[in-house]
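Accompanying notes for the structure given below.
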Amino acid sequence: MSFNSDSKSKRSSKSISSNPSSSSNYSSDGRNSNKKKKTAQKPQGMAWGSNSRSSSRSAFRNSPFSDFGSYMVVKNQKLHEQFDAAASSSSHSGSSSGNSIFCGVSIFVDGYTVPSSQELRGYMLKHGGRFENYFSRHHVTHIICSNLPDSKIKNLRAFSGGLPVVKPAWVLDSVAANKLLSWIPYQLDQLATENDNQPKLSTFFTPKIGVASEIANPIVGGQVHSENNDQSMVKVDSSLSEDYASLDQADRCSVEFNDPLQRNIDKVMFEEAACCVESSCESKGIELRDSLSSDGKDPDLKQSYDTCQSSVSLGNNTLDNHNPSEASSSRISCPPKKHHSTLADPNFVENYFKSSRLHFIGTWRNRYRKRFPSSSNGFGYKSSSVSSAAVNEKTAIIHIDMDSFFVSVVIRNRTELLDKPVAVCHSDNPRGTAEISSANYPARDHGVKAGMFVKDAKILCPQLVIVPYDFEAYEKVADQFYDILHKHCNKVQAVSCDEAFLDVSESEVGDPQLLASIIRKEILDTTGCTASAGIAVNMLMARLATKTAKPDGQCYIPPEKIDDYLCALPVKALPGIGHVLEAKLKKRQIKTCGQLRLISKETLEGWIYSYTPAHTYMSLFRMILE
DNA sequence: ATCCTCCCCTAC
DNA sequence: TAAGGTAGGGGAGGAT
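So in my numbering, the last one in the first sequence is 632, and the numbering has no gaps at all.
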């Protein structure tokens, strides 16, 4: 697909012949005039480079530029020369302000803008910047545009390589302020939203490259060098990095200030890059000072650079080391607004974990132990080790599990949602990129499952309602849940916030099924959420019974029915059999527990290497059957 | 022989 | 915007 498909006419203003008003800015020499006619024939629409598969190439087959690429090279070279000449004459005529505000900046104007691209070109000309007629990652530092259709935004994402995409006001305001302003407030809204999304991994690991390449922009004096085939190296003034030589080759990244004017943009660049550096520093356990100086010789700045150098090897992983321009293309790799770092948001880490359902689940047990320290050991034996000694005629285990806990808690007071398909996840963004944590049973009936992306779930169930997490409520309901369990049973073994085993062998309520129903009713009355229960003579069978009972039910598996129950049960249903063990067993044509029972324990251990609790379950399983 | 650490796998 | 963490069982193998 050609990038420029819908913008040729607009960008044609950049072609020499189609924009006569700008001709005075170009060389008026005769040769160029001839070229203008040629270039006007087609390449004007090729602003996004020679990757276009436009049929226009055929127009050049018989031209002096037999190769389209070389034609573009020549043309661009000429345009650069024209620009330089214009800049030179502008300078000599005294029209230059003498303030190189845009030193190191090279803009590419995409689409219609106010002011026009030629006016913007004029600002660049006057204030030490550069103007690219055609997009090139090698040369362009900022893309300027006002409004773009969605298709172009999409292409920008794909091709801009992380370059700033900013509104023309950035140029105007910088000129008005007589200094280079940060582009961040001027970022194109359409992309600002996008850039606030999940950052690329390189965001956290390439800031050094980004800083370096911003400063050592090839357009100005500084160069991004590829000193050898294996490494992309950005040189630095030795005064900025005394430690450079001591760094390992692989860790070296330095910055060269060949052009004194380049320092003009240091401050802005460092402000913009600060978040990236911070991220990097965190990753290396280095504390970076908050304030970054614009003075290259400032100790703080030096420290920043040194820090960059020491961690650049991480960034190298994400760059094409053979192509310096690729390093340049990553120059603005950090999201400009909401940074994923503690620099912009000191509570970022804390908030991250507060919003993590897995963190909630993973740390819940510790909270439970603090609340019920006496029962933290559960039955006093491990869940998987219900030995034959522990199982007797009186033994009764209830496994109780709340139904689609994360969803139920959230919608318990929203009666309008009770019978609708609902899922819990962080976002209901139109792209459907959020991951579903839990789905209620109406949603599951449509095939919606936890772990699914919203977009996939909505294909299966377009009317799916997405609700956010409520971790506070989960905590509260879990407490209520366990209060009830402990009230009815003194042998409680917690599995998770919504799931537990009860050893009710000694319960005053003689009938475990009756007790289970009493507990479930109390849970519903107290929490507004349903729970399901499985009752059996051991934990394994109780747990399996719960699966049958769900949702909002209970199931008792008497000892004499265990054999039948297990016979056709898929091995994956056994707790402890995950995808790895399932695959290993499947490889040997073992798919059901009935088939599994035919395998000797020794053989089984050999197959699955006996390193998982599944072995214990299987032993138990065999014990039950034998 | 026992302890310790690492790793794999699993569950929530 | 999204927030893929945390704990535990068990075997292998090295250290003591």
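Every residue, glycine too, gets a C-beta built ideally from N, C-alpha and C. Keep in mind that this is a model prediction, so the values were computed, not measured.
Worksheet item: Which value, in whole angstroms, describes the spacing of the CA atoms of residue 414 and residue 425?
Response: 11 Å
Practice prompt. Return helix, strand or coil for residue 186, following the three-state DSSP convention.
Written response: coil
Worksheet item: Where does residue 37 fall in DSSP's three states?
Response: Its pLDDT being 29, under 50, residue 37 is placed unreliably by the model, and the measurement read from it follows with that caveat. Helix.
Item to complete: Please confirm whether residue 472 and residue 528 have their CB atoms less than 8 Å apart.
Response: no
Worksheet item: Should residue 181 and residue 113 be called a contact, given that it needs their Cβ atoms to be closer than 8 Å?
Response: At a Cβ-Cβ threshold of 8 Å, residue 181 and residue 113 do not count as neighbours.
Worksheet entry | Spatial neighbours of residue 453 in its chain, beta-carbon cut-off 6 Å, leaving aside the 5 residues before and after | 466
Practice prompt. Have a look at residue 559 and residue 517 and give me their C-alpha separation to the nearest angstrom.
Written response: 16 Å
Discussion item. If you reduce the DSSP assignment to three classes, tell me which class residue 543 lands in.
Written reply: coil
Practice prompt. Please determine, among 352, 189, 121, 457, the residue with the shortest C-alpha to C-alpha distance to residue 147.
Written response: 189
Worksheet item: Thinking C-beta only, is residue 111 closer than 8 Å to residue 187?
Response: Residue 111 is positioned such that its CB atom lies no closer than 8 Å to that of residue 187.
Worksheet item: For residue 126, which of 178, 93, 105 has the nearest alpha-carbon?
Response: 178
Worksheet entry | Chain-order list of residues whose beta-carbon lies under 7 Å from that of residue 176 (same chain, five-residue window excluded) | In chain order, 187, 189, 192 place their CB closer than 7 Å to the CB of residue 176, counting only its own chain and leaving out the 5 sequence neighbours on each side.
Worksheet item: Using the beta-carbon count (16 or more within 10 Å), is residue 427 buried or exposed?
Response: buried
Practice prompt. Return the CA-CA distance between residue 552 and residue 423, expressed in angstroms with no decimal places.
Written response: 25 Å
Item to complete: In the DSSP assignment, find the unbroken beta strand (DSSP E) run with residue 560 in it and report its ends.
Response: 560-562
Fill in: Beta-carbon contacts of residue 477 that lie in its chain and below 6 Å, excluding the five residues immediately before and after
366
Worksheet entry | DSSP state of residue 507 mapped onto helix, strand, coil | strand
Worksheet item: So, is residue 499 buried or exposed, given that buried needs 16 or more other C-beta atoms within 10 angstroms?
Response: buried
Worksheet item: Under 8 Å between the Cβ atoms of residue 403 and residue 539?
Response: no
Discussion item. For residue 607 and residue 582, what's the separation of their Cα atoms in angstroms?
Written reply: 16 Å
Worksheet item: How many angstroms separate the CA atom of residue 419 from the CA atom of residue 412?
Response: 13 Å
Worksheet entry | Beta-carbon proximity list for residue 463, same chain, < 7 Å, skipping 5 on both sides | So the list reads 429, 442, 454, 470, once near-sequence residues are dropped.
Practice prompt. Determine the direct distance from the alpha carbon of residue 509 to that of residue 519, and round the result to whole angstroms.
Written response: 13 Å
Worksheet item: Roughly how many angstroms separate the alpha carbons of residue 136 and residue 370, rounded to a whole number?
Response: 58 Å
Practice prompt. Compute the beta-carbon to beta-carbon distance between residue 409 and residue 557, rounded to the nearest angstrom, for a pair I have assumed lies under 8 Å.
Written response: 4 Å
Discussion item. If distances are taken between C-alpha atoms only, which option among 599, 354, 555, 590 comes closest to residue 575?
Written reply: Among 599, 354, 555, 590, the Cα nearest to that of residue 575 is on 599.
Practice prompt. Determine the closest residue to residue 566 out of 374, 124, 547, with distance taken between C-alpha atoms.
Written response: 547
Worksheet item: Mind checking residue 435: buried by the 16 CB within 10 Å criterion, or exposed?
Response: exposed
Item to complete: Please name the residue in 172, 131, 133 whose C-alpha comes closest to that of residue 149.
Response: 172
Practice prompt. Go to residue 515, then tell me how far its alpha helix (DSSP H) extends in each direction, as first and last residue.
Written response: That residue, residue 515, is in no alpha helix (DSSP H); it is neither H nor E in DSSP.
Fill in: Where residue 529 sits in the DSSP three-state scheme
helix
Item to complete: Hey, could you find the ends of the alpha helix (DSSP H) residue 460 is sitting in?
Response: Under the DSSP assignment, residue 460 falls in the alpha helix (DSSP H) whose first and last residues are 460-466.
Item to complete: Could you tell me the distance, in whole angstroms, from the CA atom of residue 468 to the CA atom of residue 460?
Response: Rounded to whole angstroms, residue 468 to residue 460 spans 10 Å at the Cα level.
Practice prompt. Leaving aside the five residues before and after residue 432 along the sequence, list all residues of the same chain whose C-beta is less than 6 Å from its C-beta, in chain order.
Written response: 440
Item to complete: Could you check the C-alpha separation between residue 571 and residue 596 for me, to the nearest Å?
Response: Those two C-alpha atoms are separated by around 17 Å.
Item to complete: Would you kindly work out how many angstroms separate the C-alpha atoms of residue 120 and residue 130, rounded to a whole number?
Response: 15 Å
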